[in-house]
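To keep things clear, I will list the structure first and then write my remarks on it.
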Amino acid sequence: MKSLHNAVWLYLGSEARNAEEIAALLDWCERGSVGKIIVYLSLDGRHAETVPERVALLAEAAASRNIEVHGMVSTLHQRVGSRDQLLLNDKACYCVDAHGISTYDEPICGHGYVLDPGHPDVKATIPAKCAELLRQFPGLSGIHLDFIRYYHYDSRLEIDTKSAGHWIGLPKAGQPIRLETADGVRTTYFIDEARNAYNDPPIGDKLVLSRSYRYCFCDDCLNGFERHSGIAIPRTPGDTASISRWLLDRHPAEWAEYRASLITSLVGSIRQALRDVRADAKLSAAVWYNAPYGNELRGEPFLPESEYECFGQKWWEWAERGYVDFVCPMDYWMKPGSFAGIVEGQIRKAAGRVPVYAGLLKTAEYDIGQEQFEEYVRRAGDSGADGICLFHYGSWKQLL
Ligand SMILES: [Zn+2]
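Start counting at 1 in the sequence shown, then tack on 50, and there's your number in our numbering.
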C-alpha cells in the first residue's frame, strides 16, 4: 500500500471546530495514512452558519499536507422532522413500497423520506445540488454519494399472544395493522399469521406481522419497467400488493436490472453535472456489501449480489462507465475472516478500474481494539483493497 492510502468519514458536529482541532485531525490522518477526508454536508445546501468557514479552513490545511477533502451527501434519503424541510415537497418524488405506501405519507421511522431515482425532478435536482455544493465549497476535491440506493428491508414482528387476553379485535391474515408511538410516529404492518389456542377463554398463540420495505412500485416506475423490459404487467389499479408480488415472483431479474439502471443513470448524471463545474472533480460512493447488512450478527448467510438486487447498487458498472473514481464499501459488523472474503469479492467486481477503500466501522456497541484493527488492515491489504475507510473520525480518533 502507498502512503496516505486510507480514507475517513467525518461528521463536523463536535469535530474540526477550529484551527487547533483541524490540526489535530490532520495529525491523526498522517499517523493513520489517511489521504481522503470525506466530510458530511447537507445536500440542500442549508448548513449551520459556521460550516462553510470550517470546511474552507479544513480544505486549506489539508491541501498543505497533500490530503484531499470530499463532500459527502445523503443522496436519496432525507432525514427530516417535517415535510417543509424536504428537498422536494411533491409526493410524486418519493418512493412507494410493495404495499403501495409512499415514504412521503409514512416516512421510515417517522423521519426517513426516500426519493424516487426515476422521477424527473429528482433526476434534475440531485445532480444540480451536487454541482452547487462543489461551487459553494471550492476546496472540495469531489463529491461522495452516501445513500445512493433504494431503501430495502423486510421487517417481521412475531408477537407472543398467549396471555394477551382481549387485547385487540380479531386480527385476520392479510389485514393491515397500525403501530403508533407516543410521539405520533405511525407504521403500518400487515398480518401474516394470527393464531389462537382458544377464542373462549381468550388464549392466544402468536401474531406474525410483516412489512416489505421494497421500492419503488409507483405508477411511473411500473410504466418505466414495462418500457425498459418489454414485459407487460397485469394490473388491477390500486392493488400494488398484487403487482409487486407478481413482479418479484415472476420477473425478479428484470426488476432488479431496471431498478439498478435508474440508480446507475442518476450516478451518471451527477458525474456529468460535476464535470460541468470542474473537469477534475472526483465522484465516489459508499456502497453496501449485503442485504440485509449486519447479517452476520444475526447468524444469517451472506447473499451474493443482494446489494445489487435489493439496494439497486450495480456499482461495478458505475466504475466500468467511468462515473466514479473510487468506492468505499461499508464492510461493517463482520469478523475479520468474513470481511476479507467480502473485500476479495469487491476487488473482483472493481476489476482494477477504481480503488476500493474497505469501510470499517467502530462504535460503542461494535468496538474494535488496536490488535483487531491491525488484523482488519492486514486482511484488507491481502484481499487487494487499496486502503480502508474509517467510519468515522469521532469514533476512531482515540485509536490511531
Ligand atoms: Zn417510483
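C-beta atoms are modelled at their ideal positions from N, C-alpha and C, and glycine is treated no differently.
Note that the structure is predicted; figures quoted are calculated from it, not measured.
(request) Look at the alpha carbon of His-301 and the alpha carbon of Ala-113, and state the distance between them as a whole number of angstroms. (result) Going by the C-alpha atoms only, they are around 50 Å apart.
(message) On the CB-based measure, 16 or more other CB atoms within 10 Å of its CB, does Ile-87 come out buried or exposed?
(response) Buried, by the Cβ-count rule.
(request) Please state whether DSSP places Tyr-343 in a helix, a strand or coil. (result) In the structure shown, Tyr-343 sits in coil (DSSP, three-state: anything other than H, G, I, E or B).
(message) Just checking Tyr-146 against ligand 1 - is the residue's beta carbon closer than 7 Å to any of the ligand's heavy atoms?
(response) Per the sequence presented here, residue 146 reads as Val, with Tyr not at that position. Yes.
(message) Just to confirm the assignment, what range does the alpha helix (DSSP H) spanning Val-393 have?
(response) 386-400 is the span of the alpha helix (DSSP H), which, as asked, contains Val-393.
(request) Starting from Gln-4, follow the alpha helix (DSSP H) in both directions and report where the run begins and ends. (result) Nothing about residue 4 can be read from this structure; the chain reaches only from 51 to 450.
(message) From the DSSP secondary-structure annotation, give me the bridge partner or partners of Ser-260.
(response) Looking at the DSSP assignment, Ser-260 forms a beta bridge with Arg-206, Phe-240.
(message) Between which two residues does the alpha helix (DSSP H) holding Ile-313 run?
(response) Counted as a single uninterrupted DSSP element, the alpha helix (DSSP H) harbouring Ile-313 occupies residues 302-327.
(request) Could you check the C-alpha separation between Asn-249 and Val-130 for me, to the nearest Å? (result) If you take the alpha carbons of Asn-249 and Val-130, they lie about 44 Å apart.
(message) Does Phe-267 come out as helix, strand or coil in the three-state DSSP assignment?
(response) Judged by DSSP in its simplified three-state form, Phe-267 adopts coil rather than helix or strand.
(message) Rounded to whole angstroms, what is the Cα-Cα separation between Val-58 and Ala-414?
(response) Val-58 and Ala-414: Cα-Cα distance of roughly 18 Å.
(message) Tell me which residues share the same chain as Cys-360 and place their Cβ nearer than 7 Å to its Cβ, disregarding the 5 neighbours each side in the sequence.
(response) Exclusion of the five residues before and after Cys-360 leaves His-202, Ala-341 as the residues of its chain whose Cβ lies within less than 7 Å of its Cβ.
(message) Classify Asp-381: buried if its beta carbon has 16 or more other beta carbons within 10 angstroms, exposed otherwise.
(response) Counting Cβ neighbours within 10 Å, Asp-381 comes out buried, since at least 16 surround it.
(message) Looking at the secondary structure, which residues open and close the alpha helix (DSSP H) in which Val-427 lies?
(response) Start and end: 420-433.
(request) Pull up the CB-CB distance for Trp-368 and Val-317, whole angstroms please, since I reckon it's below 8 Å. (result) Contact check for Trp-368 and Val-317: beta-carbon distance about 5 Å, within the 8 Å limit, so the pair qualifies.
(request) Could you check the C-alpha separation between Met-51 and Pro-167 for me, to the nearest Å? (result) Low confidence applies to Met-51: its pLDDT is 43, below 50, so where it sits in the model is not reliable enough to give any reading.
(message) What does the alpha-carbon distance come out to for the pair Glu-424 and Leu-410?
(response) Distance from the CA of Glu-424 to the CA of Leu-410, rounded to the nearest whole angstrom, comes to 12 Å.
(request) May I ask you to report which of helix, strand or coil DSSP gives Arg-371? (result) Arg-371 carries a coil assignment under DSSP once its states are collapsed to helix, strand and coil.
(request) Could you say which of Val-146, Gly-162, Gly-121 lies nearest to Ala-335 if we only look at CA atoms? (result) Selected option, being the one with the closest Cα: Gly-121.
(request) Flag Asp-417 as yes if its beta-carbon sits less than 8 Å from any beta-carbon of chain B, otherwise no. (result) In the structure shown, chain B cannot be found, because there is only a single protein chain.
(message) Excluding the 5 residues flanking Trp-383 on each side, which residues of the same chain have their C-beta closer than 8 Å to its C-beta?
(response) For Trp-383, where only same-chain residues beyond five positions count, the Cβ hits under 8 Å are Tyr-343, Gly-344, Glu-346, Leu-347, Leu-411, Tyr-416.
(message) Which residue marks the beginning of the alpha helix (DSSP H) containing Glu-70, and which one marks its end?
(response) 69-81 is the extent of the alpha helix (DSSP H) around Glu-70.
(request) To the nearest angstrom, report how far apart Val-427 and Thr-125 are at their CA atoms. (result) Their backbone Cα atoms lie some 29 Å apart in a straight line.
(message) I need the straight-line Cα distance from Arg-295 to Ala-148, nearest angstrom please.
(response) Straight-line spacing of the CA atoms in Arg-295 and Ala-148 works out to 8 Å.
(request) Check Asn-56 in the structure and name its three-state DSSP category. (result) Asn-56 sits in a strand when the DSSP states are folded into three classes.
(request) Output the distance between the C-alpha atoms of Arg-321 and Thr-314, rounded to the nearest integer angstrom. (result) Going by the C-alpha atoms only, they are around 11 Å apart.
(request) Can you tell me which of Gly-395, Cys-378, Ser-319 puts its alpha carbon nearest to the alpha carbon of Leu-353? (result) Answer by Cα proximity: Gly-395.
(request) Taking 8 Å as the threshold, find out whether the segment 276-287 comes into contact with the segment 144-161 through three or more Cβ pairs. (result) No contact exists between the segment 276-287 and the segment 144-161.
(request) Can you give me the Cβ contacts of Asp-204 inside the same chain, cut-off strictly under 6 Å, excluding the 5 residues immediately before and after it? (result) Closer than 6 Å at Cβ, skipping near neighbours: Ser-262.
(message) Measuring alpha carbon to alpha carbon, tell me which residue in Ser-132, Arg-185, Arg-199, Tyr-443 is nearest Cys-145.
(response) Selected option, being the one with the closest Cα: Arg-199.
(request) Consider the C-beta atom of Cys-143 and the heavy atoms of ligand 1; say whether any pair is separated by less than 7 Å. (result) Outside the cutoff, so no.
(request) Please state if the CB of Tyr-358 and the CB of Lys-364 are separated by a distance shorter than 8 Å. (result) Against a cut-off of 8 Å, the Cβ pair of Tyr-358 and Lys-364 comes out as a contact.
(message) Would the segment 323-333 count as touching the segment 72-82 if we require 3 or more Cβ pairs under 8 Å?
(response) No, the segment 323-333 is not in contact with the segment 72-82.
(message) Taking the beta carbon of Arg-185 as the centre, do at least 16 other beta carbons fall within 10 Å, making it buried, or is it exposed?
(response) It counts as exposed.
(request) Within its chain, find whatever has a CB closer than 7 Å to the CB of Leu-297; leave out the 5 residues flanking it on each side and keep chain order. (result) Once the five neighbours on either side are set aside, the close Cβ partners of Leu-297 are Ile-283, Trp-305.
(request) Indicate, with yes or no, if ligand 1 has a heavy atom lying under 7 Å from the CB of Pro-168. (result) The question names Pro, yet the displayed sequence has Gly at residue 168. Taken from the Cβ of Gly-168, at least one heavy atom of ligand 1 lies inside 7 Å.
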